[in-house]
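Numbering (my numbering), first residue to last: 89 to 547.
We put the CB at the ideal spot given by N, CA and C, even for glycine.
Take a look at the structure below.
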């Protein structure tokens with residue numbers, strides 16, 4: 089918008105300068121020409137009284153020499169022969185520059201004329217003699233005198249035009265800045281608000297329309313903060329209501345005695361209690377859980393994967409599932425909070441157990457790159473018919489026991505690092521969920537053709 093306004097002002101100013109400067113320059117050129125020939129006419133008229141009295145050479149030479157043009161050898165007098173005086177001859181005083189035919193033509197029409205000669209022009213002024221003959225006074229006007237002062241005037245006009253153009257561009261730029269800066273601040277505040285910085289506000293200044301937009305944006309931001317605050321409180325309240333049934337489950341689990349199934353049940357209840365506590369704390373905290381607190385924040389993805397696989401392996405063994413794990417031998421840091429990565433893995437592995445029949449094999453692979461980590465969760469089930477719909481929040485596909493939030497949680501965690509989630513066909517024949525976690529700052533997506541280092545072997 090700023091440059092558009094500058095371009096419009098530039099175009100308008102250039103058109104105005106050209107419309108006025110070009111005709112004015114032509115007028116100045118014509119005025120300089122008229123001035124030069126008017127001066128030549130005055131010089132020629134100064135010889136007229138002498139010619140009307142006498143045609144004596146000496147008298148005429150003195151008269152010509154007394155003029156400025158005669159002193160500069162730019163005046164000539166051409167007196168024809170007097171037919172009344174036998175043996176008289178034409179008299180020429182000074183240097184003739186005009187062609188003879190132009191002299192004769194001027195003598196015939198008895199009217200001043202201008203003839204083009206080398207180096208300039210010649211003014212031919214007819215003058216009547218006492219004998220009735222017509223003498224011609226020739227005044228040479230150099231080209232430099234015709235254009236005297238024209239170049240300077242044109243340079244002045246050009247300078248004034250350039251100054252006007254620069255001034256109009258500067259004024260348009262300042263006006264554009266005054267209009268664009270509030271719009272840029274509004275756009276920046278909207279982007280900050282979209283990225284989760286809820287304290288973003290816009291100064292209510294600038295043109296009337298932008299001030300109104302700033303007022304509306306600030307009001308909207310305040311409402312968003314209030315709605316999020318109410319939502320967090322509601323989530324905290326709803327999660328707090330789960331404590332009572334969880335307490336009953338924990339007491340019942342304590343009565344199961346000893347054994348792998350009892351230990352697994354108690355561990356699941358304890359994990360559920362921890363998740364509920366985490367939900368309550370996060371709901372009451374304004375900062376997103378998926379946002380790292382600073383440099384070095386995050387967790388060791390391989391450690392978390394080994395821990396969760398150990399948890400799910402007991403159930404896999406009970407259902408006769410073949411489990412394969414690869415790439416988790418060495419530490420791999422990812423910019424994701426440990427609790428978030430645990431929730432992601434539990435959502436992915438839980439989907440495998442929930443939506444594939446018993447005995448279906450699955451695998452978890454970790455690919456470690458310089459700026460990204462890929463976690464592949466594959467199974468040998470029937471696959472997902474519509475991967476795009478599966479990633480939609482709340483879309484359970486009509487499957488019992490599904491809320492449609494698992495893959496949405498996975499997607500949000502991946503996008504918080506600048507990565508993404510893809511669903512495709514696995515080498516086992518079923519579904520493959522690819523979780524891409526970038527190590528760069530959020531929003532800086534790595535190149536998809538970047539070579540990843542495969543660590544470890546399949547087991």
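Drop a sphere of 10 angstroms on the beta-carbon of residue 387, count the other beta-carbons inside from all chains shown, and report buried for 16 or more, exposed for fewer. Your numbering for residue 387 matches position 299 in the chain shown. Residue 387 should be labelled buried.
Quick check: the Cα distance between residue 247 and residue 258, rounded to an integer number of angstroms? Looking up residue 247 in the chain shown gives position 159. Looking up residue 258 in the chain shown gives position 170. If you take the alpha carbons of residue 247 and residue 258, they lie about 16 Å apart.
Alpha carbon to alpha carbon, how far is residue 231 from residue 249?
Position 143 of the chain shown holds residue 231. Position 161 of the chain shown holds residue 249. So the two alpha carbons sit approximately 27 Å from each other.
Rounded straight-line distance, which links the Cα of residue 299 to that of residue 510: To locate residue 510, count along the chain shown from 1; it is residue 422. To locate residue 299, count along the chain shown from 1; it is residue 211. Roughly 43 Å separates the two Cα atoms.
Check residue 213 in the structure and name its three-state DSSP category. If you number the chain shown from 1, residue 213 lands on position 125. In this structure, residue 213 counts as strand in the three-state DSSP scheme.
Exercise. Cβ of residue 456 within 7 Å of Cβ of residue 424?
Worked result: What you label residue 456 is simply residue 368 of the chain shown in a count that begins at 1. What you label residue 424 is simply residue 336 of the chain shown in a count that begins at 1. No.
Handout entry: Distance between beta carbons of residue 222 and residue 195, contact taken as under 8 Å
Key = Residue mapping note: residue 195 aligns to position 107 of the chain shown, counting from 1. Residue mapping note: residue 222 aligns to position 134 of the chain shown, counting from 1. Right, their Cβ atoms sit about 5 Å apart.
In its own chain, which residues sit with a C-beta less than 6 Å from the C-beta of residue 313, not counting the 5 before and 5 after it? Along the chain shown, one-based indexing puts residue 313 at 225. The residues are 286.
Straight-line gap, residue 238 to residue 120 (C-alpha atoms, nearest Å) | The residue given as residue 238 occupies position 150 in the chain shown. The residue given as residue 120 occupies position 32 in the chain shown. Cα to Cα, the separation comes out at about 7 Å.
**OP:** Pick helix, strand or coil for residue 357, following the three-state DSSP scheme.
**Re:** Along the chain shown, read from residue 1 onward, the residue named residue 357 stands at position 269. Helix, per DSSP.
(Q) Tell me which residues share the same chain as residue 93 and place their Cβ nearer than 7 Å to its Cβ, disregarding the 5 neighbours each side in the sequence. (A) Position 5 of the chain shown, counted from the first residue, corresponds to residue 93. The answer, listed in chain order, is 260, 263 and 264.
Do you know how far the Cα of residue 114 is from the Cα of residue 126? Here the question's residue 126 lines up with position 38 in the chain shown. Here the question's residue 114 lines up with position 26 in the chain shown. One C-alpha to the other measures close to 18 Å.
### Beta-carbon contacts of residue 112 that lie in its chain and below 7 Å, excluding the five residues immediately before and after
As a first step, residue 112 is located in the chain shown; it is residue number 24 there, counting from the start. If we look at residue 112 and ignore the five residues flanking it on each side, its Cβ neighbours are 245.
inquiry  = On the DSSP letters alone, give me the boundaries of the beta strand (DSSP E) that residue 226 sits inside.
reply    = Taking the first residue of the chain shown as 1, we reach residue 226 at position 138. 222 to 230 is the span of the beta strand (DSSP E), which, as asked, contains residue 226.
**Through-space distance from residue 294 to residue 452, alpha-carbon basis** = Within the chain shown, residue 452 is the residue found at index 364, counting from 1. Within the chain shown, residue 294 is the residue found at index 206, counting from 1. The alpha-carbon atoms of residue 452 and residue 294 are separated by roughly 56 Å.
Give every residue of the same chain whose Cβ lies closer than 8 Å to the Cβ of residue 507, excluding the five residues on either side of it in the sequence, and list them in chain order.
Taking the chain shown and counting its residues from 1, the one referred to as residue 507 is at position 419. So the qualifying residues of the chain are 460, 523, 524, 525, 526 and 533.
### Task
Under 8 Å by Cβ, that's how I've got residue 357 and residue 337 pegged, so tell me the actual separation to the nearest angstrom.
Against the chain shown, residue 357 aligns to sequence position 269. Against the chain shown, residue 337 aligns to sequence position 249. About 5 Å; that satisfies the 8 Å criterion.
- Message: Could you check whether the region 265 to 281 touches the region 94 to 112, counting it as contact only if at least three pairs of C-beta atoms, one from each stretch, sit closer than 8 Å?
- Response: no
Pull up the DSSP beta-bridge partners for residue 512, would you. Looking up residue 512 in the chain shown gives position 424. Its beta-bridge partners are 520.
*How would you write the range of the alpha helix (DSSP H) that residue 412 sits in, first residue to last?*
In the chain shown, the residue the question calls residue 412 occupies position 324. Not the alpha helix (DSSP H): residue 412 falls in the beta strand (DSSP E), residues 411 to 414.
*What's the gap between the Cα of residue 91 and the Cα of residue 253?*
Here the question's residue 91 lines up with position 3 in the chain shown. Here the question's residue 253 lines up with position 165 in the chain shown. Using only the alpha carbons, I get a separation of about 15 Å.
- Hey, which unbroken runs of the alpha helix (DSSP H) at 4 residues or more fall wholly within the region 395 to 471? 426 to 443
Tell me, to the nearest whole angstrom, how far the beta carbon of residue 227 is from that of residue 154; I am working on the premise that it is less than 8 Å. Translated into positions along the chain shown, residue 227 becomes position 139. Translated into positions along the chain shown, residue 154 becomes position 66. With a Cβ gap of about 14 Å, residue 227 and residue 154 do not count as contacting.
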